[in-house]
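Residues 0 to 227 in numbering that gives the first Met the number 0 are what the sequence shown spells out, letter by letter.
Beta carbons are placed, not taken as given, at the ideal position from N, Cα and C, and that holds for glycine.
In what follows, a structure is listed as structure tokens, so that the remarks can point back to it.
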Amino acid sequence: MTTTVLVVDDEPHIVRALRINLSARGYHVVSAHDGASALRAAAETKPDVVVLDLGLPDIDGSEVIAGLRGWSSIPIIVLSARGDSADKVVALDAGADDYVTKPFGMDELLARLRAAVRRSATVSSTPADPVITTDAFSIDLAAKKVQRDGVEVHLTKTEWAMLEVLVRNQGRLVAQKQLLHDVWGPAYDGEYHYLRVYMAQLRRKLECEPSRPVHFITEPGMGYRFEV
């Protein structure tokens, strides 16, 4: 089946470049130049992934994300000239899956788009409470247990809570604020050092090389991602 991409950007040359490159690779491209038309197009065409600029002429891109998240889990890749970490956090908290800053490399954007579509297909086909197995450890979300080399790994309550949030969002970037809110509560939204401490503990217990993690990935200034 052909993958449909909704491109939302008010810069014609960006839309044109994306249409040419995506169409050449077999994608079906739908475009919108403002937030209102983007929401209409998403409802009418049911795209497989959205590439979204934040600086739209009518409403902010973060509002478009929130509007889409009200009814859909479609992957959303933000493509924006806003490089400030605060803008990234707002977009990710609103429900974006990834964030690419303009100017961008087409190869990188295409790779992120393929990954987003692939993760979406995996998530939608994954049964509830699966056992997730990596090359180093396995996680049983139903039993709330982790094993490494056949031996159960003891995790504290907080370590498990952090692990569970990341694993249930497998392949997706979890924003720092969201992770703090989900694990510690809204009163801890600014305690970013908690994340660094507990992430270091998880890596020490589960990664083969904690200093070179392959499963618990940090996106500097943005958040964390769990990869199998």
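Query	Result
Beta-carbon proximity check, L194 vs L91, cutoff 8 Å	no
CB-CB length for P56 against D9, believed under 8 Å	5 Å
Same chain, Cβ closer than 7 Å to V116, five either side skipped, listed in chain order	T2, D47, V48 and P74
With 16 other Cβ atoms within 10 Å as the buried cut-off, status of V7	buried
Sufficient close CB pairs (3 or more, under 8 Å) joining the region 16–24 to the region 33–47	no
C-alpha gap between P11 and D52, whole angstroms	12 Å
V196 burial status per 10 Å Cβ neighbour count (16 or more: buried)	exposed
Inter-residue spacing [alpha-carbon to alpha-carbon] between G184 and H192	15 Å
Separation of F225 from R118, as counted between CA atoms	12 Å
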